[in-house]
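Asks: Dropping a structure here in structure tokens format, bear with me for questions.
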Amino acid sequence: MALSAGRKLILAKIETTAGTAVAPAATDAILAIEPTLTPLVGGTVSRDLVRSFYGASEDFQVGSHQQIEFSVELAASGTAGTAPQLGKLLLACGMSETVTESSKVEYVPVSKDEKTLTIVCNWAGQQHTLTGCRGTWQLTSGAQLIPRLKFTFLGKWNDPSSVAAITGDYSSWQAPTPGSTTDTPTFQLHGQSSLALSKLDLDYAVQTVHREVIGATNEVIITGRQPAGSITFDAPTLASFNAFTTAKAGSTGALKMVHGGADIAGNAGELIEINCPKVQLVDPQYGDEEGVLQVSAGLKLAPNSGNDEIKFTFR
Numbered sequence: 003m004a005l006s007a008g009r010k011l012i013l014a015k016i017e018t019t020a021g022t023a024v025a026p027a028a029t030d031a032i033l034a035i036e037p038t039l040t041p042l043v044g045g046t047v048s049r050d051l052v053r054s055f056y057g058a059s060e061d062f063q064v065g066s067h068q069q070i071e072f073s074v075e076l077a078a079s080g081t082a083g084t085a086p087q088l089g090k091l092l093l094a095c096g097m098s099e100t101v102t103e104s105s106k107v108e109y110v111p112v113s114k115d116e117k118t119l120t121i122v123c124n125w126a127g128q129q130h131t132l133t134g135c136r137g138t139w140q141l142t143s144g145a146q147l148i149p150r151l152k153f154t155f156l157g158k159w160n161d162p163s164s165v166a167a168i169t170g171d172y173s174s175w176q177a178p179t180p181g182s183t184t185d186t187p188t189f190q191l192h193g194q195s196s197l198a199l200s201k202l203d204l205d206y207a208v209q210t211v212h213r214e215v216i217g218a219t220n221e222v223i224i225t226g227r228q229p230a231g232s233i234t235f236d237a238p239t240l241a242s243f244n245a246f247t248t249a250k251a252g253s254t255g256a257l258k259m260v261h262g263g264a265d266i267a268g269n270a271g272e273l274i275e276i277n278c279p280k281v282q283l284v285d286p287q288y289g290d291e292e293g294v295l296q297v298s299a300g301l302k303l304a305p306n307s308g309n310d311e312i313k314f315t316f317r
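As numbered in our numbering, residues 3 to 317 make up the sequence shown, in order.
Dropping the structure here:
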């Protein structure tokens with residue numbers, strides 16, 4: 003009997019001990035978009051045998067691990083002070099979670115002791131379990147776009163098997179809002195609060211590597227990060243904001259965006275604030291969208307005092 007490619011379940015749960023599997027429940031289901039599982043990653047070494055006849059030598063698989071990629075919609079939990087379901091994914095990408103004032107949940111970078119996930123992928127009853135998962139994320143957002151975070155995780159190898167799939171419980175996932183003047187009430191860059199934003203992409207750019215060497219723990223580790231991004235906005239007059247001289251001078255400035263609805267008390271639990279304190283513009287260029295002159299530039303996100311180059315606040 004053919005297996006349906008449309009029945010896919012992803013569960014993710016923070017591990018108590020890094021690399022030791024935990025058992026996710028139905029409520030740990032990830033409301034994923036376009037998941038891509040690579041069940042076997044690693045390399046091979048050849049025996050390179052020389053014999054009295056032609057023929058290939060067998061290979062040995064080495065460094066076996068797994069990779070999963072998927073996107074989720076960027077939305078808050080709906081309740082002030084309650085972490086969103088995607089929060090655990092941020093933790094395994096080298097961020098910390100802090101609940102402040104019982105009304106805000108903040109995620110900021112860390113540079114050690116990063117959390118790990120057990121991720122269970124069940125494709126029509128064929129189950130692959132990735133343990134000790136760590137990874138990175140990329141944000142896509144902008145006008146008339148649903149903001150999304152794309153995650154890429156590496157995890158340790160575990161033998162897959164056929165099991166009965168549970169039914170995921172997605173009730174804690176909230177519906178997002180597309181980018182608009184109403185639902186994205188605040189955007190600021192280098193002190194400019196009147197820029198007409200078309201697109202903002204951010205890349206946390208965490209470097210992860212699977213390490214399996216003699217005498218050491220088999221694990222996925224984070225070795226660094228180089229956050230960056232790109233931006234496109236309607237070109238202002240050079241007298242009001244000159245992106246080109248700003249980039250040439252290597253100047254840094256803050257980036258702030260609030261999304262999720264009007265920034266009022268009545269929307270508590272719905273709002274997401276993104277802050278980057280030290281952002282450089284890189285190689286700005288003119289462009290054209292629907293006949294409107296635009297500026298597109300790369301972004302480099304630098305730390306200010308350390309472990310602060312980007313902050314998510316769900317409030």
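By construction, the Cβ of each residue, glycine as well, lies at the ideal position given by its N, Cα and C atoms.
Pull the bridge partners of L273 from the DSSP assignment, please.
Replies: Answer by DSSP bridge pairing: none, since L273 is not bridged.
Asks: Could you tell me the distance, in whole angstroms, from the CA atom of W175 to the CA atom of A251?
Replies: C-alpha separation (whole angstroms): 43 Å.
Asks: Quick check on K15: does DSSP put it in helix, strand or coil?
Replies: It is a strand residue.
Asks: Which residue from L191, D171, I274 and Q68 puts its Cα closest to that of I32?
Replies: Measuring from the Cα of I32, the nearest candidate turns out to be D171.
Asks: In the structure shown, what three-state DSSP assignment does A94 receive?
Replies: Coil at A94, not helix or strand.
Asks: Using only CA atoms, which one of H130, D185, K152 and A20 lies nearest to P41?
Replies: The residue with the shortest Cα to Cα distance from P41 is H130.
Asks: With a 10 Å radius around its C-beta and 16 neighbouring C-beta atoms as the bar for buried, classify Q69 as buried or exposed.
Replies: Buried, because 16 or more other Cβ atoms sit within 10 Å of the Cβ of Q69.
Asks: Relative to the alpha-carbon of M3, which residue among A126, V110, G44 and V112 has its alpha-carbon at the smallest distance?
Replies: Nearest of A126, V110, G44 and V112 to M3, Cα basis: A126.
Asks: Which same chain residues end up closer than 6 Å to L13 when comparing Cβ atoms and leaving out the 5 residues on each side of it in sequence?
Replies: Same-chain partners within the cutoff: P26, D30, A31 and V122.
Asks: Roughly how many whole angstroms lie between the Cα atoms of F62 and G181?
Replies: Taking the straight line from one Cα to the other gives about 50 Å.
Asks: Note the first and the last residue of the continuous alpha helix (DSSP H) segment covering F246.
Replies: It spans A245 to K250 - the alpha helix (DSSP H) in which F246 sits, taken as one unbroken run.
Asks: When you compare each of T102, F155 and G193 to A341 by their alpha carbons, which one comes out closest?
Replies: Nothing can be reported for residue 341: it is not among the residues displayed for the chain, which extend from 3 to 317.
Asks: DSSP three-state call for T183: helix, strand or coil?
Replies: Residue state, collapsed to three classes: coil.
Asks: Run through the region 69-133 for me and flag every whole beta strand (DSSP E) of 3 or more residues, listed as ranges in chain order.
Replies: Whole beta strand (DSSP E) segments, 3+ residues: 97-102, 106-111 and 119-125.
Asks: Can you give me the C-alpha to C-alpha distance between V215 and G8, rounded to a whole angstrom?
Replies: Looking at the two C-alpha atoms, the distance is approximately 38 Å.
Asks: Please classify A28: does DSSP put it in a helix, a strand, or coil?
Replies: Helix.
Asks: Quick one: grab the DSSP three-state call for A198.
Replies: Note: A198 maps to coil in three-state DSSP.
Asks: What first and last residue would you give for the beta strand (DSSP E) that runs through T254?
Replies: T254 -> beta strand (DSSP E) spans T254 to H261.
Asks: Determine the closest residue to S163 out of L240, N124 and T188, with distance taken between C-alpha atoms.
Replies: Per the Cα distances, N124.
Asks: Once DSSP output is grouped into helix, strand and coil, what is the label at A320?
Replies: Residue 320 lies beyond the residue range present for the chain, which begins at 3 and ends at 317; the question has no answer from this structure.
Asks: Leaving out five residues before and five after T102 in sequence, what residues of the same chain have Cβ atoms less than 7 Å from its Cβ?
Replies: So the list reads E108, once near-sequence residues are dropped.
Asks: Under three-state DSSP, which class holds P286?
Replies: Strand, per DSSP.
Asks: Among A34, A77 and N160, which residue has its Cα nearest to the Cα of S66?
Replies: Among A34, A77 and N160, the Cα nearest to that of S66 belongs to N160.
Asks: I'd like the span of the beta strand (DSSP E) that includes V297, first residue to last.
Replies: It spans V294 to L303 - the beta strand (DSSP E) in which V297 sits, taken as one unbroken run.
Asks: Give me the DSSP bridge partner(s) of Q190.
Replies: Paired residues: K258.
Asks: Look at the Cβ atom of A230, then the Cβ atom of K302, and state whether they are nearer than 8 Å.
Replies: Yes, the Cβ-Cβ distance between A230 and K302 is below 8 Å.
Asks: Please determine whether the Cβ atom of V122 lies at a distance below 7 Å from any heavy atom of the ligand SAH.
Replies: Of ligands this structure carries none, so the ligand SAH is not represented either.
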